[in-house]
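Take the sequence shown: its letter number 21 is residue 20 in numbering that gives the first Met the number 0, and every next letter is one higher. All residues carry an ideal CB built from backbone N, CA and C; glycine is no exception. None of the values given here were measured: they were computed from a predicted structure. These notes concern the structure reproduced below.
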Amino acid sequence: MRLTVIGTGYLGAVHAACMAESGHDVLGVDVDPARIGALTAARPPFYEPGLADLLWRGAEAGRLRFTTSLAQAAGFADTHFVCVGTPQQPASGAADLSHVEAAVDALTSSQRLGTDGGTLLIGKSTVPVGTADRLARRLRATAANADVAWNPEFLREGSAVHDTLRPERIVAGVRSAHAEARLREIYAPLLAAGVPFISTDTATAELVKLASNAFLATKISFINAMAEVCDAVAADVTTLARAMGADPRIGPRFLTPGLGFGGGCLPKDIRAFVARAEELGLAESVAFLREVDEINQRQRRRTVGLAERLVGGSFENRCVAVLGAAFKPGSDDVRDSPALAVADAVRRRGAEVRVHDPEAIDAARAAHPELQFALDVNKVCEQADVVLHLTDWPQYRALDPAALAEVVRIPTVVDARHSLDPVAWSRAGWTLCAPGRPRLCPPHAEDGVVGPPH
Ligand code: NAD
């Protein structure tokens with residue numbers, strides 16, 4: 000089939016490449032010429048494992064092309080995936096739908112839209128409930144033969160290619176049998192491989208995405224609230240999470256305590272969900288999500304506070320090493336990155352801050368030019384008074400704590416991702432603190448485990 004993918008960011012570039020890999024003839028469209036230039040040259044504009052290969056294969060096969068022209072897109076196909084951004088509006092927290100509306104208007108203003116088969120616009124961006132119906136009315140004012148479906152995306156950055164080629168389910172929010180048939184045809188290879196296809200109305204499809212993200216955010220904030228309780232009573236949230244997660248009704252995933260969630264999706268999505276629910280007069284139904292958001296923000300402040308106490312109560316004249324800038328491992332995305340939020344807060348409180356990340360330094364520098372960055376962990380940790388482990392890259396788990404102890408001024412580490420080996424680090428002479436877990440000191444210092452960190 001011939002398809003366009005409008006918006007080629009983290010979602011759209013991967014979707015376009017995976018649709019070409021599935022055998023479709025794909026035209027990716029974006030308003031950003033630099034992005035289109037990179038994609039045309041089969042160069043991913045961001046770090047995503049496996050994407051470069053797919054871009055190359057799609058281009059070689061002649062099934063994947065890119066353009067900045069929405070008019071060209073309108074003439075290229077009858078099926079258009081909408082993958083543009085839906086950022087947060089600063090004041091209200093509601094989703095900003097201007098990019099979605101601009102893309103739809105640009106398509107409809109083209110004379111070439113709406114050939115015999117009927118145009119189908121398939122939304123993949125995360126949008127407030129009711130958006131598909133509103134867009135359908137907007138679209139039909141100029142293109143009577145056009146329809147809108149919503150097919151929310153659940154990919155995770157860092158495993159986006161795998162998640163797109165082997166999704167756990169396909170949710171198809173449709174307004175007609177014709178739209179459902181088109182979606183089944185597009186995803187035929189996945190359906191043949193046994194991927195469940197859940198067909199529903201567009202409002203439910205929009206809500207599936209919002210409710211899923213709200214649930215995941217709630218699970219993370221739940222365990223972080225438990226970490227706060229553990230701190231107060233010298234209990235260990237790591238063991239608590241492991242024991243809770245062993246219950247199959249609860250499960251271990253998204254139950255890792257630490258610095259909380261960030262990125263371009265969860266934080267903005269729960270705020271947009273709250274804003275839309277309030278519009279619908281349902282403020283009470285989603286009030287808990289405001290608390291989920293607040294617990295999440297508090298973990299950043301708690302990490303800063305813990306580090307400040309560890310360097311003696313003030314960051315003035317202190318050197319702080321930060322391991323991690325990306326909002327999560329496997330990605331160079333620094334949108335609403337908890338690691339960078341902490342690094343910047345520590346800098347503003349007077350410390351000299353140096354930041355390491357294996358992939359996200361360019362993006363982090365663009366977002367926070369006032370921070371210092373280096374690609375070498377030893378350089379970042381040189382003479383540090385405290386090391387903050389803020390993004391759970393596997394490289395940091397593999398560090399040799401004995402060698403790193405020789406580099407820093409004071410071997411103290413805040414493991415805000417609960418993934419460093421506490422025994423190995425304390426044996427190597429480190430004092431290891433993690434929110435929600437009793438402080439672990441080197442064996443010679445205080446006989447191993449001691450009381451709460453603050
Ligand atoms: P992004 O900012 O990386 O990409 C958005 C792209 O849309 C940009 O390249 C931008 O230039 C382009 N764009 C904006 N206006 C346009 C227009 N009028 N025409 C053509 N292109 C236009 O954002 P993203 O992370 O890819 O997210 C896109 C949507 O997908 C959001 O709604 C997000 O919530 C949702 N989503 C993202 C992920 C993820 O992991 N990133 C996962 C699931 C859903």
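Which one or two residues does DSSP pair with F65 in a beta bridge? In the sequence shown, the residue the question calls residue 65 occupies position 66. DSSP output for F65 lists G27 as bridge partner(s).
Contact under 8 angstroms by Cβ, R436 with V291: The residue you call residue 436 lines up with position 437 of the sequence shown. The residue you call residue 291 lines up with position 292 of the sequence shown. No. Outside cutoff.
Reduced DSSP category for G11 - H, G, I as helix; E, B as strand; rest coil: As a first step, residue 11 must be located in the sequence shown, where it is residue number 12. In the structure shown, G11 sits in a helix (DSSP, three-state: H, G or I).
Leaving out the 5 sequence neighbours to the left and right, which residues in its chain are closer than 8 angstroms to V103 when beta-carbon positions are compared? For the purposes of this step, residue 103 is identified with residue 104 of the sequence shown, where counting begins at 1. Correct list, in chain order: V81, L120, L134, R137, L138.
Note down the Cα distance separating T199 from D146, rounded to an integer number of angstroms. Position 200 of the sequence shown holds residue 199. Position 147 of the sequence shown holds residue 146. C-alpha separation (whole angstroms): 15 angstroms.
Under the rule that 16 or more other beta-carbon atoms within 10 Å means buried, what is L279, buried or exposed? Within the sequence shown, the letter at position 280 stands for residue 279. With a threshold of 16 other beta carbon atoms within 10 Å, L279 falls short and is exposed.
Can you tell me whether E156 is helix, strand or coil according to DSSP? For the purposes of this step, residue 156 is taken as residue 157 along the sequence shown, with counting starting at 1. Reduced to three states, the DSSP call for E156 is coil.
Which residue spans inside the segment 222-296 form an unbroken alpha helix (DSSP H) run of at least 4? 236-244, 265-278
Apply the 10 Å Cβ neighbour rule to D246 and answer buried if 16 or more other Cβ atoms are within range, or exposed otherwise. Translated into positions along the sequence shown, residue 246 becomes position 247. Result: exposed.
Taking the C-alpha atoms as reference points, what is the distance between G6 and A401? Against the sequence shown, residue 6 aligns to sequence position 7. Against the sequence shown, residue 401 aligns to sequence position 402. Rounded to whole angstroms, G6 to A401 spans 47 angstroms at the Cα level.
Which class does Q371 belong to by DSSP, given the choice of helix, strand or coil? Indexing the sequence shown from 1 puts residue 371 at position 372. Strand, per DSSP.
Own chain residues within Cβ distance below 7 angstroms of R334, not counting five before or after: Looking up residue 334 in the sequence shown gives position 335. Taken in chain order, the residues that qualify are G262, G263, F326.
Grab the span of the beta strand (DSSP E) containing D146 for me, first residue to last. One-based indexing of the sequence shown puts residue 146 at position 147. Unbroken beta strand (DSSP E) run through D146: 146-149.
Pair within 8 angstroms by beta-carbon distance, G329 and P48: Within the sequence shown, the letter at position 330 stands for residue 329. Within the sequence shown, the letter at position 49 stands for residue 48. In this structure, P48 lies closer than 8 angstroms to G329 by Cβ.
G257: which of K267, V194, L387, S124 sits nearest, CA to CA? Indexing the sequence shown from 1 puts residue 257 at position 258. Residue L387 is the option with its Cα nearest to G257.
Closest by CA to Q394, which one among P44, A131, S418? As a working mapping, residue 394 is identified with position 395 in the sequence shown. It is S418.
Using beta carbons (cut-off 8 angstroms, strictly below), is E47 in contact with chain B? Protein chain content of the structure displayed is limited to a single chain, and chain B is not contained in it.
For F80, three-class secondary structure by DSSP: Translated into the one-based positions of the sequence shown, residue 80 becomes position 81. In the structure shown, F80 sits in a strand (DSSP, three-state: E or B).
Cβ of R353 within 8 angstroms of Cβ of A366? Along the sequence shown, one-based indexing puts residue 353 at 354. Along the sequence shown, one-based indexing puts residue 366 at 367. Their beta carbons are not under 8 angstroms apart, which means R353 does not touch A366 by this criterion.
Give the DSSP-derived three-state secondary structure of G435 in the structure shown. As a position in the sequence shown, residue 435 is number 436, starting the count at 1. Correct three-state label for G435: coil.
Starting from L322, follow its DSSP beta bridges and name the residues at the other end. Position 323 of the sequence shown, counted from the first residue, corresponds to residue 322. According to DSSP, which records beta bridges pairwise, L322 is partnered with H355, H388.
Can you give the Cα-Cα distance for I360 and L370, rounded to whole angstroms? The count along the sequence shown starts at 1 and reaches residue 360 at position 361. The count along the sequence shown starts at 1 and reaches residue 370 at position 371. Distance between the alpha carbons of I360 and L370: 11 angstroms.
Assuming D332 and F45 are in contact, meaning their beta carbons sit under 8 angstroms apart, how far apart are those beta carbons, in whole angstroms? Your numbering for residue 332 matches position 333 in the sequence shown. Your numbering for residue 45 matches position 46 in the sequence shown. Rounded, the Cβ-Cβ distance is 7 angstroms, consistent with contact.
Roughly how many whole angstroms lie between the Cα atoms of M243 and A213? Here residue 243 corresponds to residue number 244 of the sequence shown, with the count starting at 1. Here residue 213 corresponds to residue number 214 of the sequence shown, with the count starting at 1. Computed Cα separation, rounded: 20 angstroms.
So if DSSP puts G122 in a beta bridge, which residue, or which two residues, is it bridged to? Within the sequence shown, residue 122 is the residue found at index 123, counting from 1. Per DSSP, V81, W149.
Counterpart residues of A171 in DSSP-defined beta bridges: As a first step, residue 171 must be located in the sequence shown, where it is residue number 172. S198, per the DSSP bridge assignment.
If you drop the 5 nearest sequence neighbours on each side, which residues of the same chain put their C-beta closer than 6 angstroms to that of A159? Taking the first residue of the sequence shown as 1, we reach residue 159 at position 160. Counting only Cβ-Cβ distances below 6 angstroms, and skipping sequence neighbours, we find V13, E47.
Is it the case that the segment 181-193 contacts the segment 85-98, given that we only count it when at least three CB pairs across the two stretches are under 8 angstroms? The segment 85-98 and the segment 181-193 do not touch, with fewer than 3 CB-CB distances between them shorter than 8 angstroms.
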